[in-house]
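Student: Protein chains in written order, with our numbering: chain G, 268 to 533; chain W, 268 to 533. Every residue gets a Cβ at the ideal spot worked out from N, C-alpha and C, and that includes glycine. Small disclaimer: the values here were computed from a predicted structure and weren't measured.
#1: My parser needs the beta strand (DSSP E) runs of 3 or more residues fully inside the stretch 481 to 514 of chain W; what are they?
#2: Just the Cα atoms here: how many angstroms apart are residue 485 of chain W and residue 444 of chain G?
#3: Taking 8 Å as the threshold (beta carbon to beta carbon), is residue 326 of chain W in contact with chain G?
#4: What residues match up with residue 414 of chain W in a beta bridge as DSSP calls it?
#5: Taking CB distances under 8 Å as the criterion, tell me whether residue 433 of chain G reaches chain W.
#6: Going by DSSP, name the residue or residues bridged to residue 405 of chain W.
#7: Starting from residue 443 of chain G, trace the alpha helix (DSSP H) in both directions and tell me its first and last residue.
#8: Which chain W residues sit within Cβ distance under 7 Å of residue 349 of chain G?
#9: With distances taken Cα to Cα, identify the nearest neighbour of residue 336 of chain G among G:490, G:314 and G:517.
#10: Can you look up residue 420 of chain G in the DSSP assignment and give me helix, strand or coil?
#11: Can you find a CB in chain W that lies within less than 8 Å of the CB of residue 399 of chain G?
#12: Using a Cβ-Cβ cut-off of 6 Å (strictly less than) and excluding sequence neighbours within five positions of residue 421 of chain G, which residues of its own chain qualify?
#13: Whose C-beta lies closer than 7 Å to the C-beta of residue 298 of chain W among residues of the same chain, with five residues either side of it excluded?
#14: Check the Cβ-Cβ distances between residue 377 of chain G and every residue of chain W, and say whether any is below 8 Å.
#15: What three-state label does DSSP hand residue 433 of chain G in the structure shown?
#16: With 16 as the cutoff for other CB atoms within 10 Å, does residue 316 of chain W come out buried or exposed?
#17: Give the residues of chain C in contact with residue 415 of chain G, contact being defined as C-beta atoms less than 7 Å apart.
#18: With a Cβ-Cβ cutoff of 8 Å, do residue 497 of chain W and residue 409 of chain W count as a contact?
#19: Along the chain, where does the beta strand (DSSP E) that runs through residue 462 of chain G open and close?
#20: Consider the Cβ of residue 329 of chain W: report whether some Cβ of chain G lies at a distance smaller than 8 Å.
#21: How far does the alpha helix (DSSP H) with residue 329 of chain G in it extend, from its first residue to its last?
#22: Quick check: the stretch 490 to 508 of chain W against the stretch 454 to 463 of chain W, are there 3 or more CB pairs under 8 Å?
#23: Return the chain-ordered list of same chain residues with a C-beta closer than 8 Å to the C-beta of residue 456 of chain G, the five sequence neighbours on each side being excluded.
#24: Looking only at C-alpha atoms, which of W:401, W:351, W:518 and W:377 sits nearest to residue 528 of chain W?
#25: Flag this pair as yes or no: are the beta carbons of residue 516 of chain W and residue 390 of chain W separated by less than 8 Å?
#26: Which residues mark the beginning and the end of the alpha helix (DSSP H) in which residue 313 of chain G is found?
#27: I'd like the span of the alpha helix (DSSP H) that includes residue 367 of chain W, first residue to last.
#28: What span of residues does the alpha helix (DSSP H) with residue 285 of chain G cover, start to end?
#29: Can you list the residues of chain G that residue 521 of chain W reaches, using a CB-CB cut of under 7 Å?
#30: Where does residue 479 of chain W sit, in a helix, a strand or coil, going by DSSP?
#31: List, in order along the chain, the chain G residues whose C-beta lies closer than 9 Å to that of residue 305 of chain W?
#32: Considering Cα atoms alone, identify which of G:375, G:426 and G:521 is closest to residue 471 of chain W.
#33: CA-CA distance, residue 466 of chain W and residue 493 of chain W?
#34: Per DSSP, what kind of secondary structure is residue 335 of chain G in: helix, strand or coil?
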């Protein structure tokens, strides 16, 4: 492969701007590569040793349906942002982001997760994975949240980035106001809950069965006053001991699974 | 400071064996240093620039009550396992681990968290932080679980490693059997729940109000058959979508906070 490609692929992994402008991203490793829609695949690079390995089977179907390029182990090391590349690297087109209205279409009581300025890629990935499992309808985040197509996020979603509807918006305050009014849900108003250390309502006492949105803020600063001011209720996860706060992904998990519990059991 | 010390301090950060044999560990950064009991502090190394910084206040009290050694910024970089050391590094004595009986003493319906072979330091740290917040009585883990005194775990507990009672045991199977029988709780039998993908009981339908223990397994393999075979019930977190499993720290959080909810609300 030529030098220009290699440089582009590295930039695709390192620079959000390059991903945004190209609409592409990378997938490293057979397991997640095997989950890609062949129609979204742009380029596939594999090493000989990978083709000879057992892991080949995890993405055999994909490799049968698209063309791939053989590269040397040393080239793969140069192309991949991981310390120990797994022998297959895919350049794929980002899933087209559907708008908030499209996310909620046909869902009776949607459950939205609103993320404000989440910075840690591992946290965002875990939130995607957890949200899918908890039955969240869609994730809405601001542009200051870490890019969901970054290699670290993609990896830690364990595939959920391909399945979980999400969108990043320029003005999260405006989006939340419109969401609350029912503008995205055919007039069905959405209850907005802010996860907040000063919350007055126990999250488990909040009614999360109807159309709801749960807002989770930045890892160290929490939600901005402006955004949490738009909530119908500030909810609190009561804490024992001297912990000051929960990890953002843990807080999201606890509240989303409480919503799932209420929707399943109550 | 002399070369031998520097080498020892680096080894203390890198090698579980050195920590185990010396009974020491390291704390990096002012916030957590400020939470240390001065009686547990062995050595304190600070840089001049740290003493002149605002962060000094976060551990001012400690620095007033113990002797500290001034080191150069370059020395601090060599001593610390973090990329950007915060200017204070403490060698402290590990909190004496209390046995399981001592953990439960005086607690009416203890809630134990049992960890089998958790490998990721960030996960273990998050579990400590979450467990403290959820009101867990004590954490019992096997020796194959990552060392709780490793710098990465200590950091990600956000101080909970100093406050949360925990113990690592040679034989977790035996410990669980004794726990179930009430041997550690003055005859009060402890219900043992295994978080399991093949669980038959919805975790939210399990009674977590009485004396209970929740068992969480390794990040990729889950619980061993031998250990989960000792559970009274295998419990399941029902999942939507195509997620295969939850992150171990997320699974622990969801179940522990359900226990907290039941104990608070029901």
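Tutor: The answer reads as follows:
#1: 500 to 503
#2: 42 Å
#3: no
#4: Bridge partners of residue 414 of chain W: none, in fact.
#5: no
#6: W:379
#7: 439 to 448
#8: Per Cβ cutoff of 7 Å: no residues; residue 349 of chain G is ~16 Å from chain W at best.
#9: G:314
#10: helix
#11: yes
#12: 428
#13: 325
#14: no
#15: strand
#16: exposed
#17: Note that chain C does not occur in the displayed structure, where the protein chains are G and W.
#18: no
#19: 458 to 462
#20: no
#21: 327 to 332
#22: yes
#23: 447, 448, 449 and 478
#24: W:401
#25: yes
#26: Note, residue 313 of chain G: premise wrong, no alpha helix (DSSP H); beta strand (DSSP E) at 308 to 314.
#27: 367 to 371
#28: 283 to 289
#29: 520, 521 and 524
#30: strand
#31: Chain G residues near residue 305 of chain W: none, gap ~18 Å exceeds 9 Å.
#32: G:521
#33: 15 Å
#34: coil
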